[in-house]
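Just below is one structure, and these are the notes that go with it.
Protein chains: 2
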Amino acid sequence: MKGSLIGIGVGPGDPELLTIKAVRAIEAADIIIAPCSRQQEESIALNIVTTYIKEATELRKMIFPMISCKETLQQHWQRNAEEIALELEKGRTVVFLTLGDPMLYSTYIYINRLVRSYGHEVRTVPGITSFGAIASHLNLPLAEGDKPLLIFPMTEDTDLLEAAIAKGAEAVVMKVSQAPLRLAEIIEENQLQNNYVMVSKCGQNQESISYSLLDLKENKPPYLSTVILKSKPIEGRE
Amino acid sequence: MKGSLIGIGVGPGDPELLTIKAVRAIEAADIIIAPCSRQQEESIALNIVTTYIKEATELRKMIFPMISCKETLQQHWQRNAEEIALELEKGRTVVFLTLGDPMLYSTYIYINRLVRSYGHEVRTVPGITSFGAIASHLNLPLAEGDKPLLIFPMTEDTDLLEAAIAKGAEAVVMKVSQAPLRLAEIIEENQLQNNYVMVSKCGQNQESISYSLLDLKENKPPYLSTVILKSKPIEGRE
Chain A
1 MKGSLIGIGV
11 GPGDPELLTI
21 KAVRAIEAAD
31 IIIAPCSRQQ
41 EESIALNIVT
51 TYIKEATELR
61 KMIFPMISCK
71 ETLQQHWQRN
81 AEEIALELEK
91 GRTVVFLTLG
101 DPMLYSTYIY
111 INRLVRSYGH
121 EVRTVPGITS
131 FGAIASHLNL
141 PLAEGDKPLL
151 IFPMTEDTDL
161 LEAAIAKGAE
171 AVVMKVSQAP
181 LRLAEIIEEN
191 QLQNNYVMVS
201 KCGQNQESIS
211 YSLLDLKENK
221 PPYLSTVILK
231 SKPIEGRE
Chain B
239 MKGSLIGIGV
249 GPGDPELLTI
259 KAVRAIEAAD
269 IIIAPCSRQQ
279 EESIALNIVT
289 TYIKEATELR
299 KMIFPMISCK
309 ETLQQHWQRN
319 AEEIALELEK
329 GRTVVFLTLG
339 DPMLYSTYIY
349 INRLVRSYGH
359 EVRTVPGITS
369 FGAIASHLNL
379 PLAEGDKPLL
389 IFPMTEDTDL
399 LEAAIAKGAE
409 AVVMKVSQAP
419 LRLAEIIEEN
429 QLQNNYVMVS
439 KCGQNQESIS
449 YSLLDLKENK
459 PPYLSTVILK
469 SKPIEGRE
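Going down the list, the protein sequences come from chains A and B.
So the first sequence is numbered by this note's numbering: it starts at 1 and just counts up by one.
So the second sequence is numbered by this note's numbering: it starts at 239 and just counts up by one.
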């Protein structure tokens with residue numbers, strides 16, 4: 001019998017934010033795959049789930065380099081997907097870890113697609129997103145009533161983010177470190193200085209919370225930084 | 239010592255999609271509050287967590303009527319928040335259940351705000367959203383790369399939804415039953431007939447998945463229906 005691939009979202013950092021389903025999948029896994037960008041690098045996703053891993057389970061780091069050349073990237077994804085498929089052929093259960101939710105801006109999406117295209121069974125277990133965890137942590141609603149919520153990975157093309165702000169919608173800006181100065185500009189242009197909060201490495205040891213524009217403009221925000229941008233001033237800002 | 243209120247997201251239906259943190263809060267609760275719209279009504283949120291509740295825990299239904307008069311609603315919220323505060327004064331730990339995520343379109347948001355305004359400690363535990371669960375269940379990515387994702391509660395003012403579609407963004411339409419015909423129109427106008435899926439009551443016993451516009455246009459979609467609207471045709475549609 002062939003094995004199956006189970007992609008699981010491990011949430012943003014707190015091991016208690018894993019779902020029961022994710023923990024059971026980790027406990028039952030033959031192999032756990034932790035993606036990272038370099039072999040020497042620690043895997044944040046793996047650190048989060050360490051307490052749930054059984055001794056007999058094989059741990060394997062898989063390299064997904066952070067490069068912009070699409071061709072080289074696709075070669076890497078394909079090689080990784082083929083490595084997983086080899087284990088599935090042997091009937092093994094392979095669990096693939098993803099920070100946050102596996103269906104939102106994750107490398108797992110490409111692996112999921114490739115491994116299914118080889119004819120293998122793939123199941124996915126959703127995870128708590130960084131913005132969901134931040135909102136609960138700060139008791140800060142993401143959206144109420146009939147207000148739309150835009151999830152926006154920061155790029156130079158900010159038309160849709162500006163349209164959302166103009167409509168009074170709520171917004172979550174992800175990958176803030178890709179264009180922090182442009183985001184600071186938009187906040188200032190729309191007089192949203194009292195309406196936002198930036199959280200970096202939510203739930204991890206180095207978590208930081210900032211209400212200061214200086215952290216966008218002068219101090220380079222860390223890689224895993226998210227801004228929640230509200231249509232009204234945030235109460236209790238410090 | 240005063241007690242605390244813990245709002246927890248129980249996810250959309252599958253009891254295994256609760257987080258470890260949510261299960262621990264339920265196990266440690268003195269009182270569990272399950273919101274429902276009428277006293278006779280079953281609480282979906284309560285059904286999801288039943289297996290985790292200890293025998294000594296008090297269960298209490300709390301009525302949040304589905305009415306549009308804002309003043310009467312606010313009176314209800316305030317009465318409910320005061321009832322919770324009374325228990326917190328007695329030092330009890332009160333857990334408030336919410337379908338999906340507590341910080342996204344939930345009645346808990348109002349309770350959270352009121353109970354904190356009375357000076358009580360309130361903690362919130364995030365939950366898996368309906369759209370997160372649907373995406374994983376169908377192996378359907380919500381968004382990849384730098385594509386924005388709009389979470390849009392269906393209303394008659396669809397400007398921002400149409401702007402998102404025009405920009406090639408991804409969208410999740412919630413509360414579909416509020417204006418299903420308008421949504422069907424938008425899908426047809428933008429030739430997205432092959433790009434969407436509607437899921438009703440995800441993870442519950444009566445779950446249904448539809449790729450047919452007839453279910454939007456002629457059959458009234460159930461209350462808890464969500465549409466995922468992709469920028470590209472969905473592979474493997476049946």
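For every residue, glycine included, the Cβ atom is placed at its ideal position computed from N, Cα and C.
The beta carbon of E71/A sits no closer than 8 Å to any beta carbon of chain B. For L183/A, the secondary structure class from DSSP, reduced to helix, strand or coil, is helix. Taking a Cβ-Cβ threshold of 7 Å, the residues of chain B close to Y105/A are A381, E382, in chain order. DSSP places Y52/A within a helical segment (H, G or I) once states are collapsed to three.
Counting only the Cα atoms, Q316/B lies some 8 Å from I349/B. Judged by beta-carbon spacing, A179/A lies within the 8 Å limit of M154/A, meaning their Cβ atoms are closer than that value. In this structure, K147/A and S231/A form a Cβ contact; the two beta carbons are roughly 7 Å apart against a cut-off of 8 Å.
A residue is called buried once 16 or more other Cβ atoms fall within 10 Å of its Cβ, and C202/A is buried on that count. Per DSSP, V261/B lies in no beta strand (DSSP E); the unbroken alpha helix (DSSP H) holding it starts and ends at 258 to 266. Within 8 Å of the CB of K259/B, the CB atoms of chain A belong to D14, E16, L17, in sequence order along the chain.
Not a single C-beta of chain A is nearer than 8 Å to the C-beta of L421/B.
In the displayed model, I6/A falls within a strand according to three-state DSSP. Excluding sequence positions up to five before and after L297/B, its CB lies within less than 6 Å of the CB of I270, all in the same chain and listed in chain order. Scanning C307/B, E279/B, S281/B, L430/B for the CA closest to the CA of E408/B turns up L430/B.
Among the residues of chain B, those whose CB is under 8 Å from the CB of V122/A are N377, following chain order. Distance from the CA atom of A402/B to the CA atom of N377/B, rounded to whole angstroms, is 23 Å. Looking at the DSSP output, C36/A sits in a beta bridge with I63/A. Take S106/A, set aside five residues on each side of it, and the residues of its chain with a beta-carbon closer than 6 Å to its own are T98, in chain order.
Per DSSP, the unbroken alpha helix (DSSP H) holding I111/A starts and ends at 108 to 117. For D268/B, no Cβ of chain A is located within less than 8 Å of the residue's own Cβ.
Rounded to whole angstroms, the Cβ separation of P221/A and S200/A is 6 Å, and the two are in contact under 8 Å. Taken in chain order, the members of the stretch 158 to 187 of chain A whose beta-carbon sits within less than 7 Å of a beta-carbon on chain B are D159, L160, A163, A164, K167, A169.
Between F334/B and the set K405/B, G474/B, M436/B, G247/B, the nearest pair of CA atoms involves G247/B. Within chain A, the residues whose beta carbon sits less than 7 Å from that of S374/B are P102, M103, T124, V125, P126, listed in sequence order. If you draw a straight line from the Cα of Q206/A to the Cα of M62/A, it comes to about 24 Å. DSSP, reduced to helix, strand and coil, places S446/B within a strand of the structure shown. Under the three-state reduction of DSSP output, P15/A falls in the helix class. In this structure, I6/A keeps its C-beta atom at 8 Å or more from the C-beta atom of T129/A.
At a cut-off of 8 Å, the C-beta of R116/A has a neighbouring C-beta in chain B. Between V353/B and L421/B, the C-beta gap is not smaller than 8 Å, which leaves the two residues out of contact. Counting C-beta atoms within 10 angstroms of its own C-beta, M341/B has 16 or more neighbours from the protein chains shown and is therefore classed as buried.
Neighbours of T393/B in chain A, taken as residues whose beta carbon is under 7 Å from its own, are D146 in chain order. The C-beta of G329/B comes no closer than 8 Å to any C-beta of chain A. Sorting Q204/A, K167/A, G91/A by C-alpha distance to the C-alpha of M1/A places G91/A at the top. Under the 10 Å beta carbon count, D453/B is surrounded by 16 or more other beta carbons and is classified as buried. In the DSSP assignment, R123/A falls within the unbroken beta strand (DSSP E) covering 121 to 125.
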